[in-house]
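Under the numbering used here, the first residue of the sequence shown carries the number 6, and numbering increases by one thereafter. The beta carbon of each residue, even a glycine, is placed where N, CA and C say it ideally should be. Comments concern the structure below.
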Amino acid sequence: PIDDYQYDHAKDCRKHPAKGTEALAAWLDKNAGGSFWGIMRCERWGKGRASLHAEGRAIDWHLNVHNGSDRREATRIINLLLAPDRAGNFHALARRMGIQEIIWNCRSWYSGSESMRPYSPCYDSKGRRKKIDDTTAHRDHIHFGINWRGAKKRTTFWSR
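Here you go:
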């Protein structure tokens with residue numbers, strides 16, 4: 006079976022990372038180049054809105070777009086997560102792990118999107134690229150955000 010697309014917005018700050026987020030970090034450590042850059046960061050965006058990092062449901066994974074081997078590894082990981090499985094299910098591994106967002110190099114994918122698209126903070130209202138720092142543009146790391154099912158390890162990947 007394949008998990009449905011699901012996106013869960015963050016609401017507030019928590020004290021500890023979710024089990025599934027830690028499991029995803031361990032999986033990346035074993036299966037991907039790059040290095041762990043963190044999970045928790047209390048970042049509120051107004052009443053009832055927060056970063057996924059605030060709920061312990063996002064990982065920053067260090068790879069640098071300015072390094073050729075890092076760039077190739079980031080592409081490999083993203084392609085692996087968003088590839089269809091043998092049954093033709095799109096974004097199969099991401100869905101099975103509960104990944105709901107990926108941001109890298111001014112491109113983003115959100116659960117249910119067809120593919121990586123322009124990441125809005127990198128562009129002005131006319132679609133022109135803005136000058137922003139590498140961290141905001143996610144050029145020095147990949148951001149992986151997970152939904153609550155993934156965070157609780159209740160997806161097909163973690164429960165098999």
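Next item on the list: Ignore the nearest five residues each way along the sequence and tell me which others in Phe95's own chain have a CB closer than 6 Å to its CB.
Entry: Pro89
Next item on the list: Pull up the distance between the alpha-carbon of Glu119 and that of Asp129, whole angstroms please.
Entry: 22 Å
Notebook entry, point to check: Are Ala37 and Glu78 touching if we call contact CB-CB under 8 Å?
Noted result: yes
Check: Using the C-alpha atoms, what's the distance from Asp138 back to Ala166?
Finding: The chain is shown only over 6 to 165; residue 166 falls outside these bounds and no answer can be derived.
Check: Is it true that the CB of Ala15 sits closer than 8 Å to the CB of Ala59?
Finding: yes
Next item on the list: Indicate the three-state DSSP secondary structure (helix, strand or coil) for Phe58 in the structure shown.
Entry: Looking at the sequence provided, one finds His at residue 58 rather than Phe. Helix.
Note to self: Using CA atoms only, rank isn't needed, just tell me which of Arg62, Trp109, Asp8 is closest to Cys18.
What the structure shows: For Cys18, the closest C-alpha among the options Arg62, Trp109, Asp8 is that of Arg62.
Notebook entry, point to check: Any idea if Thr160 is buried or exposed, counting beta-carbon neighbours within 10 angstroms, 16 or more meaning buried?
Noted result: buried
Item checked: Trp42 versus Lys158: straight-line alpha-carbon distance, rounded -> 21 Å
Next item on the list: Since I believe Arg100 is in contact with Tyr10 (beta carbons under 8 Å), could you give me their beta-carbon distance rounded to a whole number of angstroms?
Entry: 7 Å
Check: Along the chain, where does the beta strand (DSSP E) that runs through Glu106 open and close?
Finding: 104–109
Notebook entry, point to check: Is Ile64 helix, strand or coil by DSSP?
Noted result: The answer is strand: DSSP assigns Ile64 an E or B state.
Next item on the list: Mark Trp109 as exposed unless 16 or more other C-beta atoms lie within 10 angstroms of its C-beta, in which case mark it buried.
Entry: buried
Item checked: Neighbour-count burial assignment, Leu68, 16 or more Cβ in a 10 Å radius -> buried
Checklist line | Spatial distance of Arg49 from Ser56 (CA atoms) | finding: One C-alpha to the other measures close to 6 Å.
Margin query: Please state the DSSP three-state secondary structure of Arg134.
Written below: In this structure, Arg134 counts as strand in the three-state DSSP scheme.
Margin query: Between the alpha carbons of Phe162 and His148, how many angstroms are there, rounded?
Written below: 20 Å
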